[in-house]
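**Student:** Taken in order, the sequence shown gives residues 1 to 91; the numbers are from our numbering. Just so you know, even glycine gets a beta-carbon here, dropped at the ideal spot from N, CA and C. Quantities reported herein were computed from a predicted structural model and do not represent experimental measurements. Pasting in a structure now, in structure tokens, and then I'll have a few things to ask.
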Amino acid sequence: MGIGPLFEDESSLLVAYSLDGDESMSEATVEAFIAANVDVFDRETTLHDWIDPDALDRLDWRSDRPMYLLFPLWDHLVLVTPGKVRIYTGP
Numbered sequence: 001m002g003i004g005p006l007f008e009d010e011s012s013l014l015v016a017y018s019l020d021g022d023e024s025m026s027e028a029t030v031e032a033f034i035a036a037n038v039d040v041f042d043r044e045t046t047l048h049d050w051i052d053p054d055a056l057d058r059l060d061w062r063s064d065r066p067m068y069l070l071f072p073l074w075d076h077l078v079l080v081t082p083g084k085v086r087i088y089t090g091p
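Printed below as a string of structure tokens:
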């Protein structure tokens with residue numbers, strides 16, 4: 001799935017993390033930050049402080065509908081699409 005004009009300039013992309021098997025989207029988001037060498041355990045806030053992980057996991061990411069979710073997290077932008085989490089430098 002293409003993300004169209006949303007992020008044509010990939011220069012701020014830190015990591016593109018592909019989901020592994022039955023991994024939840026919230027788990028994949030944390031793993032993407034770890035892959036980008038961001039210490040998520042040394043933060044004053046948690047994923048839950050920024051976005052509801054249960055709601056993120058309940059979205060139907062396996063459907064054929066084109067969809068994405070973009071949100072700020074730990075001084076970065078997170079772009080979630082079916083099967084992939086992208087971490088960009090902050091806004």
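Ignore the nearest five residues each way along the sequence and tell me which others in SER12's own chain have a CB closer than 6 angstroms to its CB.
**Tutor:** In the sequence shown, the residue the question calls residue 12 occupies position 12. Correct list, in chain order: TYR88, THR89.
**Student:** Given this structure, state the Cα-to-Cα distance separating MET1 from THR81, to the nearest angstrom.
**Tutor:** Taking the first residue of the sequence shown as position 1, residue 1 is located at position 1. Taking the first residue of the sequence shown as position 1, residue 81 is located at position 81. Low confidence applies here, because MET1 scores a pLDDT of 44, under 50, leaving its location unreliable and the question unanswered by this model.
**Student:** With a CB to CB cut of under 7 angstroms and the five nearest residues on each side skipped, what residues in its chain are close to SER26?
**Tutor:** On the sequence shown, position 26 is the one that residue 26 refers to. LEU47, PRO53, LEU56, ASP57.
**Student:** Do you know how far the Cα of LEU59 is from the Cα of PHE71?
**Tutor:** One-based indexing of the sequence shown puts residue 71 at position 71. One-based indexing of the sequence shown puts residue 59 at position 59. Approximately 15 angstroms between the Cα atoms of the pair.
**Student:** Under 8 angstroms between the Cβ atoms of VAL78 and ALA28?
**Tutor:** Position 78 of the sequence shown, counted from the start, is the residue given in the question as residue 78. Position 28 of the sequence shown, counted from the start, is the residue given in the question as residue 28. In this structure, ALA28 does not lie closer than 8 angstroms to VAL78 by Cβ.
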